[in-house]
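Trainee:
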Ligand code: CA
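Residue numbers (my numbering): 1229 to 1464.
Below, the structure is given as structure tokens:
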């Protein structure tokens, strides 16, 4: 059964492009152009993922996300037009699972959509809602580095590496955002969570440990590179 995606975007040309691209990937897609219809459709369709624009007629994306968060666990990927919206998007108030800043490429969008859906699928399997007779091992492969999401195991050159749970989560987070610059703050919020007391140096320390495990030369990293003044980027 194809996964269901609800697209909420009021700009007709972008909505059309999104629907076209997602359908081409085999997803079942429904699209609406305002906040109220978004709530209605989400309740009826029970989608696996909602791609949600912020500036919408009737009710904005913030409000829509706030309401739906209380009703369902569906992943929400928000589309922002301005950088100053990002804090609210990833913040407690809205709690989007991920975001994309406009303009973005369809390739970028598809990578995020797949990452979110994979996450949802794994979560469901863990909760046992899906009775799968034969466990399928989902993996992410980056050359000689393989992340086995089912076993939560990482192998380098086919040999399992000793990886602590936090390092694993960090690596997975980066892998799911391949090619995207991730600020320390965003990583901290997403991997360590809101209750965490600490600062962004925690991220640096863990990155250092991780590099020692996945880089050929930890002093000259090519997988997890430092972005000057910003954060880090996973190159694969
Ligand atoms: Ca809009």
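Just so you know, even glycine gets a beta-carbon here, dropped at the ideal spot from N, CA and C.
Over the uninterrupted alpha helix (DSSP H) stretch that includes residue 1245, give me the two end residues.
Mentor: Here the alpha helix (DSSP H) through residue 1245 covers 1240-1252.
Trainee: So is the beta-carbon of residue 1239 under 7 angstroms away from any non-hydrogen atom of ligand 1?
Mentor: For ligand 1, at least one heavy atom lies less than 7 angstroms from the Cβ of residue 1239.
Trainee: Just list the residues that DSSP pairs residue 1459 with in beta bridges.
Mentor: Answer is 1411 and 1455.
Trainee: Buried or exposed: where does residue 1326 fall if 16 or more other Cβ atoms within 10 Å of its Cβ makes it buried?
Mentor: So residue 1326 ends up on the buried side.
Trainee: With the cut-off set at 8 angstroms, would you say residue 1271 and residue 1303 are in Cβ contact?
Mentor: No.
Trainee: How is residue 1266 classed by DSSP in three states: helix, strand or coil?
Mentor: Residue 1266: helix per DSSP, three-state reduction.
Trainee: Starting from the C-beta of residue 1435, find all residues in its chain whose C-beta is less than 7 angstroms away, skip the five residues before and the five after it, and write them out in chain order.
Mentor: If we look at residue 1435 and ignore the five residues flanking it on each side, its Cβ neighbours are 1452 and 1460.
Trainee: What would DSSP say about residue 1360, mapped onto helix, strand or coil?
Mentor: Bear in mind that a pLDDT of 49 at residue 1360, under 50, signals an unreliable position, so the number given afterwards is only what the model happens to contain. Residue 1360 falls in the coil class under three-state DSSP.
Trainee: For a quick check, are the C-beta atoms of residue 1428 and residue 1412 less than 8 angstroms apart?
Mentor: Contact flag set, yes.
Trainee: So, for residue 1360: in the same chain, excluding its five sequence neighbours on each side, which residues have a beta-carbon less than 8 angstroms away from its beta-carbon?
Mentor: The predicted model places residue 1360 with a pLDDT of 49, which falls under 50 and marks its position as unreliable, so this point remains unresolved.
Trainee: Tell me residue 1303's beta-bridge partners as DSSP assigns them.
Mentor: Looking at the DSSP assignment, residue 1303 forms a beta bridge with 1277.
Trainee: Looking at C-alpha atoms only, which residue of 1378, 1339 and 1323 is the closest neighbour of residue 1349?
Mentor: The option with the nearest alpha carbon to residue 1349 is 1378.
Trainee: Taking 6 angstroms as the limit between beta carbons, can you name the residues of its chain near residue 1254, skipping five residues before and five after?
Mentor: Within the same chain, residue 1254 has close Cβ partners 1230.
Trainee: Would you kindly report the start and end of the unbroken alpha helix (DSSP H) that includes residue 1326?
Mentor: Premise fails: residue 1326 lies in the beta strand (DSSP E), 1326-1329, not in any alpha helix (DSSP H).
Trainee: Nearest to residue 1421 by alpha carbon, out of 1373, 1262, 1403 and 1398?
Mentor: The option with the nearest alpha carbon to residue 1421 is 1398.
Trainee: Specify, as a first and last residue, the run of the alpha helix (DSSP H) that residue 1435 falls within.
Mentor: Here the alpha helix (DSSP H) through residue 1435 covers 1429-1442.
Trainee: Closest to residue 1290 by C-alpha separation, out of 1448, 1243, 1374 and 1308, would be which residue?
Mentor: Comparing Cα positions, the closest option is 1308.
Trainee: Identify the continuous beta strand (DSSP E) that holds residue 1232 and give its terminal residues.
Mentor: From DSSP, the beta strand (DSSP E) with residue 1232 extends over 1232-1236.
Trainee: From what residue to what residue does the beta strand (DSSP E) around residue 1367 run?
Mentor: Start and end: 1367-1370.
Trainee: Using only the alpha-carbon positions, how far apart do residue 1381 and residue 1264 sit?
Mentor: Going by the C-alpha atoms only, they are around 43 angstroms apart.
Trainee: Mapping DSSP to helix, strand and coil, what is residue 1284?
Mentor: Three-state result, residue 1284: coil.
Trainee: Identify whether residue 1391 lies in helix, strand or coil by the three-state DSSP scheme.
Mentor: Correct three-state label for residue 1391: coil.
Trainee: Could you tell me which of 1450, 1232, 1248 and 1300 sits nearest to residue 1334, measuring between CA atoms?
Mentor: Out of 1450, 1232, 1248 and 1300, 1248 has the C-alpha closest to the C-alpha of residue 1334.
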